[in-house]
Structure formats: structure tokens, C-alpha cells
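Protein chains in written order, with the working numbering: chain A, 1 to 270; chain B, 1 to 348.
Have a look at the structure below before the remarks.
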Amino acid sequence: MSHLLAVRKLTKRYRRGGGVLSESPGGSDFTAVDDVSFEVAAGETFAIVGESGCGKTTLARMLLRLIEPDAGEILFQGKNILELPAEGMRAERRQMQMIFQDPFASLNPRMKVGEIVGEPLAIHEAKVGKAERATRAAEALRRVGLDEVALQRYPHEFSGGQRQRIGIARALILRPKLIVADEPVSALDVSVGAQVLLLLQELQQELGLTYIFISHSLPVVAQLATHIAVMRAGRFVECGAAKQILQHPQVGYTKELLASVPEIPAAANS
Amino acid sequence: MYIDFAEDLGKAWRCHYDFGVNELLKVNGLTVELATPAGWVRPVNGVLLGIGAGESVGLVGESGSGKTMLSLALMGLLPPGARVSGEIWLDAAQSTQRNAEESRNLVGQTEEEWRAVRGREIAMIFQEPMTSLNPVMRVGAQVAEAIRAHEPRIAEAELQRRMLAALEQASVPEPEVRARQFPHQLSGGLRQRVMIAMALAGRPKVLIADEPTTALDVTVQKQILELLDKLRREMGLGLLFITHDLGVVARIADRVAVMYAGRIIEQGPTEQVLEAPLHPYTQGLLAASPKLERGKLVPIPGTVPQLTALPPGCSFAPRCAFHRMECDARVPEFRPSGAEHAARCVLV
């Protein structure tokens, strides 16, 4: 088993239009993700970069079967998870967790942080007692740099960066192997976003995590990625080692994306 | 505790626009106060800023720095109950040449007086054009409405011609076709172009752009930045470009003002501020900004202070690696480094 994750010819189509007011009453097919294949080895950070509507979020969600693909295979540790029944999938999902973009929308405002972080344990390891759940939640919070007094508080009492840390703690509590991070820093301020990127780096080194990192921002991706796939209109237009893509892009679209990034001139004194 | 600005004015340093000849907008000691359950707070605190004709000034800050509240104050759009003090001089240089009495302090104007300024003298575009456009009205009609608001007696044929010219000026391709479409039929970039066409309909002298490209893809962002740059040069617009992105500032701005906790803490020519930042906060922002090459990101420790609990001296002191005793004594005044570059920091 060479790869932690291997994706083969993954495809998702949506029916578009077809309403009574539509010009084409039958509707037409729109392929959000089109025949995408890639492999990710354990410990790598595989980044998927693209502009809005390119299909990167649909692809990310399919990897966890939050959206069901129409065709293709997702091999996680050699096992095609698309063939798994609900029960089997639940067992696999423990090892695959997701971090979302908006730390304000992804945390239940009526639950205390301790319950939010401990919830995956309650679902996947029901036999774990309440006391141990609290201990593990506190441990997960410590790992992301939050004090355990946070356990008794509600999400609104935290800043955006702290909420993103809570989301990361929740993703870590089941000790997953793979984390799919969908734009984890794009809603955050620059100084706070850098804190979260560094935290993700540290966690990867400590826990040997593998990341699928979805982003619209090449500079953000450049900080973490070992591999980069550039996505456009549902397809990978270019995919390779991060250094190769950033320094020697082959495809016109990748070059255009790189040239569009507003760059900060190098500081003279740093 | 509102002492720092008055002292600044008395000190030797003046930014170059203080005696600029073609100065359009001059903001002096502008302070906005809002009532909160915890007492009055100052989201804008003693701001000193100037914009010349055809000049582009980048206003940089993170969320809560007060940059949006400052732009609303410049438009007279503050929430009810806000207290404003200080001065906003429009077209100051031109007025002094003719007649000093003609130059007006916009602070304290009535709503009716503001209405004559908004759109006509100072116009604004926002981050999300979809929320500013009427979803059930064709975009051509919306642009025409903006023109008619400023010229009620305009003839219908002339109005149509001006509407198409406005769309064309904002580089909307096929303006006749687009004018008949509704906002949802346009891409985000085209919607922002329509907003720019509407903002320029009243032929304003100053355009405030509040994060106008933040919601757009990078390739579209590049086009909008190029358009704004072209327009301000062609029309001699004073452009105040508000953003959190230092890379965008590097592309669009002649000068940069960095805002933190309601105060401008550094300003100067763009290259000088980005390549040789004076204030530790500006240095921190630069070190925390991801670049295209992998480098060591250095986050700024801690978080932005609450406006209800600002430190007594420099607002950045609690997060600052160079913090010393004198930083807590009082708010540092602007100290110059060269003719045009200055920062509120005791280290300068």
C-alpha cells in the first residue's frame, strides 16, 4: 500500500436548469468534477488550487463522501470507500476529518466548546465515558493552543482565529490520518491566518497528518503544500510537486494565475 | 485622553500633502465615537490623511482597525448616534486659491448638505456589489438612475448615451447587451464594473473603494485594479483604496496608511512602507503575509485589542516585541523618517 489516498477518475455531474422558466426545459448536465485522478502519500500536503466555481470544494466533499460521486474510485488505505456500506463508511470517516472555511458558521452556537470538540467522540466512540471525553477534549484544545477553560464557553466568546482552532481541535479528537481543509484561513485576518497556518504545520509534524488543502490563494498554498493541483472547470490542468508548479509552471492557466497574484515587494530589512 | 492628535499638529513633522497644491481631500484629527454598553469607543481616533488629485492612497488594516468606519465618516454615512469631531476638507487647495471661505469642513454638515457631497464629490464602491445593486432592475436602468440623480433635467436620449458611455468607461464589454441584463446574469467582476460606472456617474473627485476586489478571483481582481488605476489617472480622481491585502496595496497605491485600533500608525510612499516599514505592526503584517515562495511565516502574537479596553499608550504595545516602558506612558506621536514617511512609534 503505497498511498494513503488514491482517487481514480472521480466525476460529479449536476443537472442545471430545467425549471419551468428555463430556456431549455429538459435542463443540461454540468460537470462539476470531471474525471479527476490523483494520489497522496502519508505525510504529504496535497493542495488543490483554483478560482471560484472550478469544482475544488465539490471534490473535497466527495473525498469524505459528504457528496456522492457519480463515477470513479476513492481508495483510502487501499480500500474503495465508495463501495462501503454506511456502517463501514462511518468507521473510515473517523480517520478522515474536515476543517471548514467559516469558523463562524461551522460551530453550533448553542453548544459549549467542550461539547463541540467532544461530539465526534460521542458519535464514533460511544463507549468512552463523559469524564474521559472531557479529558480528551481538553487535550485536543491544548494541542491547538487553547486553554481548557474554553471547554465551558460558547463559540461567540471566541475570535475568528480561536474558532478556527476549535474547529481543528474537533477534527483532531478522533486522531485521524487525513484532514481535508477547505479554505481554512481565507476568512481570517493576515496575522491570525499565519498563526493557523503555522499550527497546521506543527500538527502535521507532531502527528504525522496528511492534508488535502483546498484554497484559492497560491501564496497560502505555497506555505504548506508538497504537491499542488491547479483546477479549472472541473479538471486538473496541471499537477505536480509544489516547487515545480510555483517556479516552472507549464500550463498557460497556471502561469496566468501566478502572474495575477499581487505580490508584496521583498522587505529590505528582513 | 484625546491629546495625541493636537500635539501631532504642533510638532515639526507634516506630511507632504499638508502643503500639496492639488490636494483634494484633507482629513484632520477625524474622530468617530460610538456608544456601546461598555461606554463610548473610538473606532476612528485622530486620523490625519490627505489625498491629491489623481493620487491613490492605500488604507491598510485588519478587521476592527476602523478602516471601514473611517470611509463611512468620509461619506457622512455613520450610524445614528455616532459622534464625529475633527475636520474633513474637500477641495481645500483649490478653495484657498480662490477664496478661503469656500472651503468647507464636511464634519457637522446637515444630511441635506451631505446629499450634495455624496456621489457628486465623494463616491464609494463596496466589497460585495450584489448587495448594492437592485436585483430586479436592469443594470442599464440603474446606471441611468445614478446619472439622473445628479442631473434631473437630462433628456432621455442623452441619458441613454451617457449610460452606455459610463459602462464603456468602466470597461464593460458589449455595453448595449449588458445594460439590458439583470445583476444575477453578470459575473462578480462585471457587477463591480457596473458599480464603478454608477459611482462615477456623478463625476466625483474622490472615489473610496472599500475592499472592492476581496470577493473576486485573482485574475478578475487584477483587471479591476488595472481599471481603477486607469480611471484615477484619466479622470484625476483621488482614490482611497481600503484593503487588508498588502500585495494589492503594492499594485494600486502611491502612498499607504496603516491603521491599527482606530489610529493611523504609519504612512508614507508605498515602496518605503513595504520595503522599509518603520512600525513593528507594519513589520509584523509583512512577516505574517504569505508570499509565493515558501518562507518562514511569523505571526503577530496575540489579538487586536478591544476598543473598550485600549492600552493607555501605544495600542500595539501588548503585542510588540520591542515594547518598553515609555510605550505605555502615552500614545506615541508621529515621528518622521525622511520627508514623507512617518510612524507613531518611539523607536523611529
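The beta carbon of each residue, even a glycine, is placed where N, CA and C say it ideally should be.
Computed from a predicted structure; not experimentally measured.
Residue i: contacting residues in chain A (beta-carbon distance under 8 Å)
{"i": "ALA342 of chain B", "result": "Near ALA342 of chain B there are no residues of chain A at all, since even the closest Cβ is about 17 Å away, more than 8 Å."}
{"i": "GLU271 of chain B", "result": "PRO265"}
Sheet register partners of residue i (DSSP bridge)
{"i": "SER85 of chain B", "result": "B:THR31"}
{"i": "ALA122 of chain A", "result": "DSSP lists no partner for ALA122 of chain A."}
{"i": "GLU266 of chain B", "result": "B:VAL258, B:ALA343"}
{"i": "GLU73 of chain A", "result": "A:ARG8"}
{"i": "SER28 of chain A", "result": "A:ARG16"}
{"i": "PHE241 of chain B", "result": "B:GLY58, B:ALA209"}
{"i": "LEU78 of chain B", "result": "LEU78 of chain B pairs with nothing; no bridge assigned."}
{"i": "VAL40 of chain A", "result": "A:LEU5"}
{"i": "MET325 of chain B", "result": "DSSP, once it has assigned bridges, lists no residue as partnering MET325 of chain B."}
{"i": "GLY39 of chain B", "result": "B:THR36"}
{"i": "MET124 of chain B", "result": "B:ILE208"}
{"i": "ALA179 of chain B", "result": "The partner list for ALA179 of chain B (beta bridge, DSSP) is empty, contrary to what the question assumes."}
{"i": "ARG104 of chain B", "result": "B:LEU90"}
{"i": "ALA47 of chain A", "result": "A:PHE213, A:ILE228"}
{"i": "GLY50 of chain B", "result": "B:LYS26"}
{"i": "PRO336 of chain B", "result": "B:ALA342"}
{"i": "ARG118 of chain B", "result": "B:ILE122"}
{"i": "VAL33 of chain A", "result": "A:LYS12"}
{"i": "VAL249 of chain B", "result": "Paired residue(s): none; VAL249 of chain B is not in a bridge."}
Cross-chain neighbours of residue i in chain B, by beta carbon under 7 Å
{"i": "ILE264 of chain A", "result": "LEU246, GLY247, ALA250, LEU274, LEU286, SER289, LYS291"}
{"i": "VAL190 of chain A", "result": "GLU62, HIS244, LEU285, ALA288, SER289"}
{"i": "PRO120 of chain A", "result": "In chain order: nothing, as chain B lies at least about 27 Å away."}
{"i": "LEU218 of chain A", "result": "LEU292"}
{"i": "GLN195 of chain A", "result": "PRO299"}
{"i": "SER52 of chain A", "result": "ASP217"}
Proximal residues to residue i (C-beta, below 7 Å), its chain only, five neighbours per side dropped
{"i": "ILE224 of chain B", "result": "GLY189, GLN192, PRO212, THR213, LEU216"}
{"i": "GLU62 of chain B", "result": "HIS244, VAL304"}
{"i": "GLY114 of chain A", "result": "ALA134, ALA137, LEU151, GLN152"}
{"i": "GLN195 of chain A", "result": "GLY161"}
{"i": "ARG232 of chain A", "result": "GLY50, CYS54, TYR253"}
{"i": "ARG251 of chain B", "result": "LEU225"}
{"i": "HIS323 of chain B", "result": "ALA317"}
{"i": "ALA199 of chain B", "result": "ALA123, MET124, ILE125, LEU207"}
Neighbourhood of residue i by C-beta distance below 8 Å, restricted to the same chain and skipping five residues each side
{"i": "ARG13 of chain A", "result": "ASP29, PHE30, THR31, ALA32, ASP70"}
{"i": "ARG178 of chain B", "result": "VAL139, GLY140, LEU167, VAL172, LEU186, LEU190, VAL194"}
{"i": "PRO135 of chain B", "result": "PHE182, PRO183, HIS184"}
{"i": "ARG142 of chain A", "result": "GLU148"}
{"i": "GLN109 of chain B", "result": "GLY76, VAL117"}
Own chain partners of residue i with C-beta closer than 6 Å, once the 5 adjacent residues on each side are dropped
{"i": "ASP8 of chain B", "result": "Reliability fails at ASP8 of chain B, whose pLDDT of 47 lies under 50, so the model's placement of it is uncertain and the value that follows must be treated cautiously. Excluding positions up to five away in sequence, the list reads GLU333, PHE334."}
{"i": "ILE264 of chain B", "result": "VAL47, ALA257"}
{"i": "THR282 of chain B", "result": "VAL258, GLU266"}
{"i": "LEU239 of chain B", "result": "SER56, LEU207, ARG232"}
{"i": "LEU188 of chain A", "result": "GLY160, GLY161"}
{"i": "PRO265 of chain A", "result": "none"}
Under 8 Å from the C-beta of residue i: neighbouring residues of chain B
{"i": "LEU198 of chain A", "result": "LEU297, PRO299"}
{"i": "VAL261 of chain A", "result": "VAL218, GLY247, LEU292"}
{"i": "GLU256 of chain A", "result": "THR219"}
Near the ligand MN: residue i beta-carbon under 8 Å from a heavy atom
{"i": "CYS320 of chain B", "result": "Annotation note on the ligand MN: not contained in the displayed structure, which lists no ligands."}
Contacts of residue i in chain B (Cβ-Cβ under 9 Å)
{"i": "LEU107 of chain A", "result": "What LEU107 of chain A touches in chain B: nothing, since even the nearest Cβ is about 18 Å away."}
{"i": "GLU246 of chain A", "result": "Strictly speaking, residue 246 of chain A in this sequence is Leu, with Glu absent from that position. Near LEU246 of chain A (Cβ distances below 9 Å), the residues of chain B are LEU292, GLU293, ARG294."}
Residue i: contacting residues in chain A (beta-carbon distance under 7 Å)
{"i": "LYS349 of chain B", "result": "Beyond the ends of chain B as shown, which are 1 and 348, falls residue 349 of chain B; an answer cannot be given."}
{"i": "THR131 of chain B", "result": "Those do not exist, as THR131 of chain B stays about 17 Å from chain A at its closest Cβ, beyond 7 Å."}
If we require 3 or more residues per run, which beta strand (DSSP E) segments fall completely within the stretch 188 to 221 of chain B? List check, beta strand (DSSP E) in window: 206 to 210.
Length-filtered (4 minimum) alpha helix (DSSP H) runs lying within the stretch 276 to 315 of chain B: If we require 4 residues or more, the alpha helix (DSSP H) runs fully inside the stretch 276 to 315 of chain B come out as 280 to 288.
In chain order, what are the residue ranges of uninterrupted beta strand (DSSP E) at least 3 long that sit wholly in the stretch 158 to 245 of chain A? Counting whole runs of 3 or more residues, the stretch 158 to 245 of chain A contains the beta strand (DSSP E) stretches 178 to 182, 210 to 215, 227 to 232, 235 to 241.
Give me the subset of the stretch 159 to 173 of chain A whose CB atoms are less than 9 Å from a CB atom of chain C, sorted by chain position. No chain C is part of this structure, whose protein chains are labelled A and B.
What are the start and end residues of each continuous alpha helix (DSSP H) run of 4 or more residues lying completely inside the stretch 57 to 110 of chain A, in chain order? If we require 4 residues or more, the alpha helix (DSSP H) runs fully inside the stretch 57 to 110 of chain A come out as 86 to 93.
If contact means a Cβ-Cβ distance below 9 Å, which residues of the stretch 102 to 120 of chain B contact chain A? Under the 9 Å Cβ criterion, the stretch 102 to 120 of chain B contributes no residue.
Within 7 Å of chain A by C-beta, residues of the stretch 190 to 217 of chain B in sequence order: Sequence-ordered contacts of the stretch 190 to 217 of chain B with chain A read ASP217 [C-beta pairs closer than 7 Å].
What residues in the stretch 210 to 234 of chain A bring their beta carbon closer than 9 Å to a beta carbon of chain B? Cβ contacts with chain B: HIS216, SER217, LEU218, PRO219, VAL220, VAL221, ALA222, GLN223, LEU224, ALA225.
For the stretch 300 to 319 of chain B, enumerate the residues whose C-beta is nearer than 7 Å to any C-beta of chain A, in chain order. From the stretch 300 to 319 of chain B, only ILE300, THR303 have a Cβ closer than 7 Å to chain A.
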